[in-house]
Structure formats: C-alpha cells, structure tokens
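Undergrad: Residue numbers (our numbering): 1439 to 1729.
One structure, as structure tokens, below. Some questions next.
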Amino acid sequence: MGTEPDEAERLRRFDVGRYGGCSLPRAGFDAALLVTQYISLWLFWDDLQVEDELGWNESHVIQALHGEWKPAMSGSRYLAAWADLGTRLRAKRSTAWLGRLTSAMLQWLENAKRETEWALSFRERRLCPQLDELFACRTISIGMYPTFYLIELSEGVELDCSFHDHTEIQELKRLASRLVGMGNDLGGVAKDLRDRWLNLVPVTAERRQLSLTAAFEAVIDAHNADVLTFDRLASRLPSFGPNTDLFVPGWVQAVRHNVYGFALWESLAERYQATKAVVGSTPLIAEIAAV
C-alpha cells in the first residue's frame, strides 16, 4: 500500500491516524496499531478492488486470514497483506474469535459485491434500488459487524456467541451499523455525487420524491432517532452472566466511541472533505447527535 505516488496520495487522504485514533481512543498502542492496519487495508482494498470489481475472490481473503492461503493461489499483494494480518491476529486471539471475525467478513464481502452491482447499475443506467433494500445492504456493507470483533481486540476481551447472538445485542449492533452507514453517507454525499456512487441521501430524494436538501435532513433525522433508540436499549441490557457482565459496559462504550469516531474522522479527512456539497447557496452540513 502506498508504493506508487497515486496510492501514497490516497493513503494521505485517508488520514489513517485519525481513522484508527478517533474510533479507538481507549486502545493500547499495540492493539490500536493492529486494528488500524486492519481497517486501513480493508478501506484501501475496498476502494481499489472491491468497488471496481477487479477479479477478487472472497474465499481467498478468508483463507488468508486463517493461514490457508498460499502465494501460488494468487500473487495478490492484498492477499499477502491479509495473510500477514491473519498471522498476527491468530497469535493474539482464539480460533473461535477468528472464526467469528471471518464469518462477519464473509457476510460483508457478499453484501459489498451486491452493493457494487447496484452502484454500477446506478452509475451506468441510472437504475436506483429500493430505499429499504439499500439501507439493509448498507447496514452490513458499511463494515461494522466485523468491527465489533476488532473492538474486542482493542478492549482485550473475547465475548462469545451467546453474547453476540442475544436479541438485545443483535439490535444494538444493527443500530450502531445503521448509524455508521448514515454518518458515512452524510459525510460523503459530495464525494458520492461526484463519483455517481450510491448514497442514502440521493436515493432517499429519488424514492421519496424529495429535494436533495430535504432528503439530507431526512437522513439526519433518521440518524438522530436511532441514537435515541440505541441509548434506550443500552441503558436496559439484561445480565449475560457474571463473567460477561464485567466487560459489557466497556464494550458498549467502545462501540459508542467507534460510531462517533468514524463520523468525526469523516468530517475531517480530506477523502471526504475535499469536495463540498452545496445546493444553491445552502451547504449540506450534518449536525448529528452523538451516541
């Protein structure tokens, strides 16, 4: 990553220090560095291969993380990087934890492919998906479901399937994922309009027959309503047993930092802010509530 001038410039616009630092403010250095390397590779690879459909195979990524990929299978530098990260993750985490992470990554990969197909149809033929379908896909393709396990890495804990599969935790994770997705699209609306890429704001405008400004406000309102719902749910979580309850408040707070941190990064990183969204004389600026 970053070996060519255009890639180095792309990485500079990512502002990876803020990307990891804003979203992991309590993590120790080693964990913060490893997670930041993971999410930065993920974002870089998503930009350059996944969104452009450049001949990648989701099973190879999973194999690389599990140490089952060999260079003879593919000479991809991205897979070599995933394999390196997998080696370091396996030294720190259990096999069960890695399985949960890669299962969530596979779900993300499958949804990312679906979203890319929709986005290319939107760009080339102006075919707009249904808003509910895009929102459901975006909730997964934004990448928070694997990130919940990376948060555990930064917090130094492992929470098992009985925790993650609990109804209230499933809903909390869904809300957090929606919040990151909406924050991303609000912060990136100018970039996406410029690139003719799918974004919740213009799709809301088209499907609900609203002006772009009204659609922008509608997504802000939906975001802030989800913040309140997240807060109510987080305040009344049940007991998960004494061994788990000890770690739940820290995990929930780390999720809050993650959601807010990504929105803060998007509001500052040149990747998103190099292009400004202005309708007439009205700048589209999202004053969103924080979890």
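Every residue, glycine too, gets a C-beta built ideally from N, C-alpha and C.
None of the values given here were measured: they were computed from a predicted structure.
Return the first residue and the last residue of the alpha helix (DSSP H) that A1614 is part of.
TA: 1605 to 1625
Undergrad: Note down the Cα distance separating Y1583 from E1609, rounded to an integer number of angstroms.
TA: 12 Å
Undergrad: CB-CB under 6 Å to A1653, same chain, minus the five flanking residues each way: which ones, in chain order?
TA: V1639, T1642, A1643
Undergrad: Do L1636 and F1573 come within 7 Å of each other at the CB atom, strictly closer than that value?
TA: no
Undergrad: Give me the Cα-Cα distance between G1699 and Y1587, rounded to the nearest whole angstrom.
TA: Those two C-alpha atoms are separated by around 17 Å.
Undergrad: Which residues in the same chain have their Cβ closer than 7 Å to the Cβ of A1542, if we skip the five residues on either side of it in sequence?
TA: Y1583, P1584, Y1587
Undergrad: Near L1565, which residues of its chain fall below 6 Å by C-beta distance, leaving aside the five closest residues on each side in sequence?
TA: S1559
Undergrad: Pull up the distance between the alpha-carbon of L1471 and that of I1477, whole angstroms please.
TA: Take the alpha-carbon of L1471 and the one of I1477: they are about 10 Å apart.
Undergrad: Can you tell me whether DSSP reads H1504 as helix, strand or coil?
TA: Three-state result, H1504: coil.
Undergrad: Excluding sequence positions up to five away, which residues of its chain have a Cβ less than 8 Å from the Cβ of A1656?
TA: T1642, R1646, L1648
Undergrad: Consult DSSP for T1682 and reduce its assignment to one of helix, strand or coil.
TA: helix
Undergrad: How many angstroms separate the CA atom of P1463 from the CA atom of R1616?
TA: 21 Å
Undergrad: Determine the direct distance from the alpha carbon of E1590 to that of L1706, and round the result to whole angstroms.
TA: 26 Å
Undergrad: According to DSSP, is L1472 part of a helix, a strand, or is it coil?
TA: Looking at L1472 - three-state DSSP - the assignment turns out to be helix.
Undergrad: If contact is defined by three or more beta carbon pairs under 8 Å, each pair taking one atom from either stretch, is the region 1679 to 1697 in contact with the region 1589 to 1607?
TA: yes
Undergrad: Can you say whether F1696 is buried or exposed, counting buried as having 16 or more other CB atoms within 10 angstroms of its CB?
TA: It is worth fixing the name first, because residue 1696 is Asn in this sequence and not Phe. Flag for N1696 reads buried.
Undergrad: Pick helix, strand or coil for T1441, following the three-state DSSP scheme.
TA: In the structure shown, T1441 adopts coil according to DSSP, grouped into three states.
Undergrad: Apart from the five residues on each side of it in sequence, which residues of its chain come closer than 7 Å, Cβ to Cβ, to R1612?
TA: Within the same chain, R1612 has close Cβ partners T1577.
Undergrad: Where does the unbroken alpha helix (DSSP H) through A1707 begin, and where does it stop?
TA: Element bounds for A1707: n/a, residue is neither H nor E.
Undergrad: Could you say which of E1442, R1632, R1634, V1693 lies nearest to A1465 if we only look at CA atoms?
TA: V1693
Undergrad: Which whole-angstrom value describes the C-beta separation of Y1516 and W1703, a residue pair presumed to lie in contact below a C-beta threshold of 8 Å?
TA: At roughly 22 Å, the Cβ-Cβ gap does not stay under 8 Å, so Y1516 and W1703 are not in contact.
Undergrad: Closest to Q1545 by CA distance: which of T1667, D1669, Q1691, S1497 is it?
TA: S1497
Undergrad: Taking only the alpha-carbon atoms, compute the straight-line gap between L1650 and A1521 and give it to the nearest angstrom.
TA: 43 Å
Undergrad: Would you identify the three-state DSSP class for S1532, choosing helix, strand or coil?
TA: Correct three-state label for S1532: coil.
Undergrad: For F1467, count the other beta carbons within 10 Å of its own beta carbon; 16 or more makes it buried, fewer makes it exposed. Which is it?
TA: exposed
Undergrad: For a quick check, are the C-beta atoms of E1606 and L1675 less than 7 Å apart?
TA: yes
Undergrad: In terms of residues, what are the limits of the alpha helix (DSSP H) holding C1599?
TA: 1599 to 1602
Undergrad: Measuring CB to CB, does I1500 end up less than 7 Å from T1525?
TA: no
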